[in-house]
Amino acid sequence: MKKVVYSISRLNRFGNTKMTGVGFITGSDLVIACVSQKGNPYIRVFEDCVKNCHPVTGRENEYKGAHYEIREVEVEKNGSYDTREIEIEYSVWYKLV
Numbered sequence: 001m002k003k004v005v006y007s008i009s010r011l012n013r014f015g016n017t018k019m020t021g022v023g024f025i026t027g028s029d030l031v032i033a034c035v036s037q038k039g040n041p042y043i044r045v046f047e048d049c050v051k052n053c054h055p056v057t058g059r060e061n062e063y064k065g066a067h068y069e070i071r072e073v074e075v076e077k078n079g080s081y082d083t084r085e086i087e088i089e090y091s092v093w094y095k096l097v
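For the sequence shown, the residue numbers in the UniProt record's numbering are 1 to 97.
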């Protein structure tokens with residue numbers, strides 16, 4: 001496990017969400033600690049995130065890239081629920097400490 005400082009941004013039509021902090025890299029995954037809107041702590045894992053990141057030119061031990069997740073969302077339509085898959089894009093930056 002390697003310790004990193006990270007910045008993860010999610011851009012969508014509703015705005016920008018940014019998470020920063022200290023996390024860990026285990027193999028090809030980025031593991032970070034988060035707090036939910038209700039205040040409950042949990043651990044978030046971005047699987048295979050490290051494979052998609054490349055070194056930043058001119059900077060030592062810094063990497064950046066994009067990470068994509070596919071999630072299922074239930075949408076109510078005419079009294080019934082329809083399940084759709086949406087793709088979420090994250091912009092990832094991290095530096096080895």
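Positions of the beta carbon are idealized from the N, C-alpha and C atoms, including for glycine.
Please list, in chain order, all residues of the same chain as residue i whose beta carbon is under 6 Å from its beta carbon, the five residues on each side excluded.
i	result
E69	I88
F46	L30 and H67
D82	V75
Classify residue i as helix, strand or coil using the three-state DSSP reduction.
i	result
K64	strand
K38	coil
N52	helix
T26	strand
E47	coil
residue 99	Since the first and last residues shown for the chain are 1 and 97, residue 99 lies out of range.
Shortest alpha-carbon distance to residue i belongs to which of the options?
i	options	result
V56	S7, E72, F14 and Y94	Y94
I43	I25, R59, E60 and K51	I25
R10	D29, Y90 and V97	Y90
P41	M1, I32, C49 and D48	I32
K51	G65, R13 and S80	G65
Under the assumption that residue i contacts residue j (Cβ atoms under 8 Å), give the Cβ distance between them as a whole number of angstroms.
i	j	result
Y6	G21	6 Å
C34	V92	C34 to V92, Cβ: 15 Å. No contact.
Quick one: what's got a C-beta closer than 7 Å to residue i's C-beta in the same chain, skipping five residues either side?
i	result
K3	V22, F24 and V97
Leaving out five residues on either side along the sequence, give the residues of the same chain with a beta carbon under 8 Å from the beta carbon of residue i.
i	result
E85	I70, R71, E72 and V73
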